[in-house]
Amino acid sequence: AHDVRKEALMARVTLEAKQERIVRTLEGPLFVSAGAGSGKTFTLTQRIAWALMPGSGADGAPFLSSIDEALVITFTNKAAGEIKDRIRQTLRAEGMQAEALKVDSAWVSTIHGMCNRILHEHALEFGLDPAFELASDNDAADARLEALNRVVARAKEAPERPYGDLFSQLDANKIDAQVSHVLDMVSHEPKGFDAISFGPAPAAAGEIARELLPLAEAALDNDPEKHEVQYAAAERAVETFNAVLAAPTEEDQERILQEFIDGKNYKQYNTKPSRPLWKALGHAATELELAGTTRRLHEIVRLAHDVESAYRDLLAARGLIDMASLVPLTLAALRSHPAIAAAYTDRFKLIMVDEFQDTSQLQIDMIECIAGTDKRHLCTVGDSQQSIYRFQGADVGVYLQHKRDMLSDGVGAHIEHLVDNFRSHGDILAFVRRVCGQPGYFIEDFLDLQAATEGRTYHGSAPRIELALTTYTDRATSVDAARATEAAHIADRFAALRDAGHKANDMVILMGTTTGSDIYAEALICQNLLNVLANPYDSESLLVVFTSDLLPVSSDDLLYLSTYLDPATGRPTRQNPALGLLRSDRAPLHASPLL
Numbered sequence: 019a020h021d022v023r024k025e026a027l028m029a030r031v032t033l034e035a036k037q038e039r040i041v042r043t044l045e046g047p048l049f050v051s052a053g054a055g056s057g058k059t060f061t062l063t064q065r066i067a068w069a070l071m072p073g074s075g076a077d078g079a080p081f082l083s084s085i086d087e088a089l090v091i092t093f094t095n096k097a098a099g100e101i102k103d104r105i106r107q108t109l110r111a112e113g114m115q116a117e118a119l120k121v122d123s124a125w126v127s128t129i130h131g132m133c134n135r136i137l138h139e140h141a142l143e144f145g146l147d148p149a150f151e152l153a154s155d156n157d158a159a160d161a162r163l164e165a166l167n168r169v170v171a172r173a174k175e176a177p178e179r180p181y182g183d184l185f186s187q188l189d190a191n192k193i194d195a196q197v198s199h200v201l202d203m204v205s206h207e208p209k210g211f212d213a214i215s216f217g218p219a220p221a222a223a224g225e226i227a228r229e230l231l232p233l234a235e236a237a238l239d240n241d242p243e244k245h246e247v248q249y250a251a252a253e254r255a256v257e258t259f260n261a262v263l264a265a266p267t268e269e270d271q272e273r274i275l276q277e278f279i280d281g282k283n284y285k286q287y288n289t290k291p292s293r294p295l296w297k298a299l300g301h302a303a304t305e306l307e308l309a310g311t312t313r314r315l316h317e318i319v320r321l322a323h324d325v326e327s328a329y330r331d332l333l334a335a336r337g338l339i340d341m342a343s344l345v346p347l348t349l350a351a352l353r354s355h356p357a358i359a360a361a362y363t364d365r366f367k368l369i370m371v372d373e374f375q376d377t378s379q380l381q382i383d384m385i386e387c388i389a390g391t392d393k394r395h396l397c398t399v400g401d402s403q404q405s406i407y408r409f410q411g412a413d414v415g416v417y418l419q420h421k422r423d424m425l426s427d428g429v430g431a432h433i434e435h436l437v438d439n440f441r442s443h444g445d446i447l448a449f450v451r452r453v454c455g456q457p458g459y460f461i462e463d464f465l466d467l468q469a470a471t472e473g474r475t476y477h478g479s480a481p482r483i484e485l486a487l488t489t490y491t492d493r494a495t496s497v498d499a500a501r502a503t504e505a506a507h508i509a510d511r512f513a514a515l516r517d518a519g520h521k522a523n524d525m526v527i528l529m530g531t532t533t534g535s536d537i538y539a540e541a542l543i544c545q546n547l548l549n550v551l552a553n554p555y556d557s558e559s560l561l562v563v564f565t566s567d568l569l570p571v572s573s574d575d576l577l578y579l580s581t582y583l584d585p586a587t588g589r590p591t592r593q594n595p596a597l598g599l600l601r602s603d604r605a606p607l608h609a610s611p612l613l
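Residue numbers (this note's numbering): 19 to 613.
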């Protein structure tokens, strides 16, 4: 009966051979390289459903006794919701109503959602307030700004000047931006602030002067009568370098040498007898600039560290934890409570992580902490060619190292490549292959996708792909004029596609920047390719339209649209403004002529 049931499941979902191997491989670590549009979400969903089916485990039993034994990490909340919906539908179709009811509380979430859940489950053991809440973006931004203001205010009153001359060298906005940049970077690092490397220390002013002094003394060998100006300059240089070496502090040494450099006196040495000194002084100017920059960097990092500490204190006092702290806080908590970590490792018999190429080292450490050293329950899915979130700390190099670890002798993961693309036409994939498949384009070998379907029906005689180059060499031709030529060509192409049978709302222009977007919009308007309000029940978009220059309705109009007078009770109630706009039985109480 179990065999019949599982074969019926496989037949109904129509899995390819590679997909079926992924679905049925439940024992041991698994590494899946899945290209764009290869049906990986569908495959992962079926893998969970299959693991809950009788016959998937030993002796005809299910591999998972409950969906509570599965941990699924996705990149977005939307993806997590989609997987939950698909699992629920599959379980209901198989008559597994009890398991279908557990799906809402299943461990299917983003990694931040998982960490939030672990911290709440063990808040007391971890020394946290069990009632803590996640700080919103606005809460976090306000707390960080308040922390910065507090730290800066204390520093300006401190006689020891803990951040040197930072406040006199940079304005408040630059300090705020640089501190925020440092905090964002260290939030993705397993070692936090300890991961910052300042590189080799620049040469000190005294060291520089000691190297310059012999060159200046050598310049004194010039004939003072023939090279009077150069000889006098060399004397000033010798005097300056000796003064630097005799100065009592490093700060005084740097000040004396910097004043000499800033005076541009060293340019007088650009003559044949003194050229070695002239070149060395140029390098000295660079070294001094580097020393100042390095000092400011240390001060910025020190300030950022103090702001971070004050920021954490503010959040703790308010019972808040920010998103950036969830992963490092959970990882540190589990490492300090190995028994709790081991309990999660034993609990989850199926651990699947999607979009692994957009994972940071910190997140990988978190996942491996739960998966255990042998990773026998871990399945990771990714594609280095789709790594686009490096600005959030993701590192494709970290993903490639994880791949090597999974396939090493110590782990010996089974590997599958999903290369059949169910989304794009073969012409599109051929174009990608021609551009991106060249040696060296990606760090690892190009994952060559093959079209599994014909894609959407295409109308028209023009090719699916066209490369149009707008060139101009006349300096008098403006960039906007070139954009207008390009925009007109795109609009003509869209109009032809529309006339051939394609819908205008299936067409899109992707731009690297919105600069000049009005030029493209004007070209589309000229071809009558206008946007329409396709979904008036999207109240947010409707509000944008009603508050724009196109339809500047009054605040009263918006209030009336959003208010419904219940005829049964005579009481006003709130409603979606689209109802007031579209339905006569819910028409506004009062309507202006414009409305």
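The C-beta atom is built at its ideal place from N, Cα and C for all residues, glycine as well.
Spatial distance of residue 506 from residue 573 (CA atoms) = Working through the sequence shown from its first residue, we reach residue 506 at position 488. Working through the sequence shown from its first residue, we reach residue 573 at position 555. Straight-line Cα distance between these residues: approximately 39 Å.
In chain order, which continuous runs of the beta strand (DSSP E) of length 3 or greater are located wholly inside the stretch 170-213?
-> Those beta strand (DSSP E) runs which fall completely within the stretch 170-213 and span 3+ residues do not exist here.
Three-state secondary structure (DSSP) at residue 378?
-> As a first step, residue 378 is located in the sequence shown; it is residue number 360 there, counting from the start. Assignment of residue 378 by DSSP, reduced to helix, strand and coil, places it in the coil class.
Under the three-state reduction of DSSP, which class applies to residue 61: helix, strand or coil?
-> If you number the sequence shown from 1, residue 61 lands on position 43. Helix.
Identify whether residue 468 lies in helix, strand or coil by the three-state DSSP scheme.
-> Taking the sequence shown and counting its residues from 1, the one referred to as residue 468 is at position 450. When DSSP states are grouped into helix, strand and coil, residue 468 belongs to the strand group.
Compute the distance between the beta-carbons of residue 69 and residue 44, then report whether it is under 8 Å.
-> As a working mapping, residue 69 is identified with position 51 in the sequence shown. As a working mapping, residue 44 is identified with position 26 in the sequence shown. Closer than 8 Å, so yes.
Indicate whether the contact test is met: 3 or more Cβ pairs, each with one atom in the stretch 149-156 and one in the stretch 112-122, closer than 8 Å.
-> Taking a cut-off of 8 Å on C-beta distances, the stretch 149-156 does not touch the stretch 112-122, as fewer than three cross pairs fall below it.
Inspect the CB distances between the stretch 220-237 and the stretch 179-188 and report whether three or more fall short of 8 Å.
-> Contact fails: fewer than three Cβ-Cβ distances are below 8 Å.
Own chain residues within Cβ distance below 6 Å of residue 351, not counting five before or after = As a first step, residue 351 must be located in the sequence shown, where it is residue number 333. Cβ neighbours of residue 351 beyond the five flanking positions: 144.
Return helix, strand or coil for residue 114, following the three-state DSSP convention.
-> Looking up residue 114 in the sequence shown gives position 96. In the structure shown, residue 114 sits in coil (DSSP, three-state: anything other than H, G, I, E or B).
Give the single residue among 83, 613, 536, 67 whose Cα lies nearest to the Cα of residue 569.
-> Here residue 569 refers to the residue found at position 551 when the sequence shown is read from its first residue. Closest option to residue 569, Cα to Cα, is 613.
Proximity of residue 369 and residue 89 at Cβ, strictly below 8 Å = In the sequence shown, residue 369 corresponds to position 351, counting from 1. In the sequence shown, residue 89 corresponds to position 71, counting from 1. For residue 369 and residue 89, yes; Cβs fall inside 8 Å.
Segment contact, 8 Å Cβ cut-off, at least three pairs: the stretch 497-504 with the stretch 457-470 = Flag = no, the stretch 497-504 and the stretch 457-470 do not touch.
How big is the Cα-Cα spacing for residue 233 and residue 271?
-> Walking along the sequence shown from the start, residue 233 turns up at place 215. Walking along the sequence shown from the start, residue 271 turns up at place 253. Those two C-alpha atoms are separated by around 19 Å.
Residues near residue 317 by beta carbon distance below 6 Å, same chain, minus five either side = Mapped onto the sequence shown, residue 317 falls at position 299. So the qualifying residues of the chain are 181, 182, 184.
Quick one: what's got a C-beta closer than 8 Å to residue 150's C-beta in the same chain, skipping five residues either side?
-> Along the sequence shown, one-based indexing puts residue 150 at 132. Excluding positions up to five away in sequence, the list reads 137, 138, 141, 337, 338, 339.
Looking at the unbroken alpha helix (DSSP H) that takes in residue 444, where does it start and where does it end?
-> Stepping through the sequence shown from its first residue, residue 444 is reached at position 426. Residue 444 -> alpha helix (DSSP H) spans 444-454.
When DSSP labels each residue in this structure, what does residue 167 get in the three-state scheme?
-> For the purposes of this step, residue 167 is taken as the residue at position 149 of the sequence shown. Helix, per DSSP.
Terminal residues of the continuous beta strand (DSSP E) containing residue 127?
-> Position 109 of the sequence shown, counting from 1, holds the residue named residue 127. Looking at the DSSP string, the run of the beta strand (DSSP E) that includes residue 127 is 125-128.
Distance, residue 600 Cα to residue 589 Cα | The residue you call residue 589 lines up with position 571 of the sequence shown. The residue you call residue 600 lines up with position 582 of the sequence shown. For the pair residue 589 and residue 600, the Cα-to-Cα distance works out to about 21 Å.
Mind checking whether residue 404 and residue 129 have CB atoms under 8 Å apart?
-> The count along the sequence shown starts at 1 and reaches residue 404 at position 386. The count along the sequence shown starts at 1 and reaches residue 129 at position 111. Contact flag unset, no.
Whole angstroms is fine: what's the gap from residue 557's alpha carbon to residue 595's?
-> Counting from one through the sequence shown, the residue named residue 557 turns up at place 539. Counting from one through the sequence shown, the residue named residue 595 turns up at place 577. Looking at the backbone, the Cα of residue 557 and that of residue 595 are separated by about 7 Å.
Under 8 Å between C-beta atoms of residue 388 and residue 417 = Numbered from its first residue, the sequence shown carries residue 388 at position 370. Numbered from its first residue, the sequence shown carries residue 417 at position 399. In this structure, residue 417 does not lie closer than 8 Å to residue 388 by Cβ.
Which whole-angstrom value describes the C-beta separation of residue 127 and residue 171, a residue pair presumed to lie in contact below a C-beta threshold of 8 Å?
-> Along the sequence shown, one-based indexing puts residue 127 at 109. Along the sequence shown, one-based indexing puts residue 171 at 153. Rounded, the Cβ-Cβ distance is 40 Å, inconsistent with contact.
Return the chain-ordered list of same chain residues with a C-beta closer than 6 Å to the C-beta of residue 522, the five sequence neighbours on each side being excluded.
-> The residue you call residue 522 lines up with position 504 of the sequence shown. Contacts found: 516, 547.
Do residue 169 and residue 328 have their CB atoms nearer than 8 Å?
-> Taking the sequence shown and counting its residues from 1, the one referred to as residue 169 is at position 151. Taking the sequence shown and counting its residues from 1, the one referred to as residue 328 is at position 310. Contact flag set, yes.
Going by C-alpha distance, which of 46, 209, 582 is nearest residue 608?
-> Working through the sequence shown from its first residue, we reach residue 608 at position 590. Nearest option by C-alpha distance: 582.
Answer with buried or exposed for residue 598, where buried requires no fewer than 16 other C-beta atoms within 10 angstroms of its C-beta.
-> Your numbering for residue 598 matches position 580 in the sequence shown. Label assigned to residue 598: buried.
To which residues does DSSP link residue 151 through a beta bridge?
-> Looking up residue 151 in the sequence shown gives position 133. According to DSSP, which records beta bridges pairwise, residue 151 is partnered with 338.
Less than 8 Å separating the beta-carbons of residue 425 and residue 49?
-> On the sequence shown, position 407 is the one that residue 425 refers to. On the sequence shown, position 31 is the one that residue 49 refers to. The Cβ atoms of residue 425 and residue 49 sit closer than 8 Å to each other.
Scan the stretch 551-599 and note each continuous alpha helix (DSSP H) run of 4 residues or more that stays entirely inside, going in chain order.
-> Qualifying alpha helix (DSSP H) stretches, in chain order: 557-564, 573-579.
Nearest to residue 486 (by Cα), restricted to the options 476, 509, 320, 464 | As a first step, residue 486 is located in the sequence shown; it is residue number 468 there, counting from the start. Comparing Cα-Cα distances from residue 486 to each of 476, 509, 320, 464, the minimum goes to 509.
Taking DSSP as the reference, what is the three-state secondary structure of residue 409?
-> As a first step, residue 409 is located in the sequence shown; it is residue number 391 there, counting from the start. For residue 409, the pLDDT reaches just 49, beneath the cut-off of 50, and the residue's location in the model is therefore unreliable, leaving the point undetermined.
CB-CB under 6 Å to residue 409, same chain, minus the five flanking residues each way: which ones, in chain order?
-> If you number the sequence shown from 1, residue 409 lands on position 391. Residue placement at residue 409 cannot be trusted, given a pLDDT of 49 that sits under 50; what the coordinates show is reported in the next sentence. Apart from the 5 residues on each side of it in sequence, residue 409 has no Cβ closer than 6 Å to any other Cβ in its chain.
Assign residue 602 to one of three DSSP states: helix, strand, or coil.
-> As a position in the sequence shown, residue 602 is number 584, starting the count at 1. In the structure shown, residue 602 adopts helical secondary structure according to DSSP, grouped into three states.
Terminal residues of the alpha helix (DSSP H) in which residue 508 lies | Here residue 508 is taken as the residue at index 490 of the sequence shown, counted from 1. Unbroken alpha helix (DSSP H) run through residue 508: 497-518.
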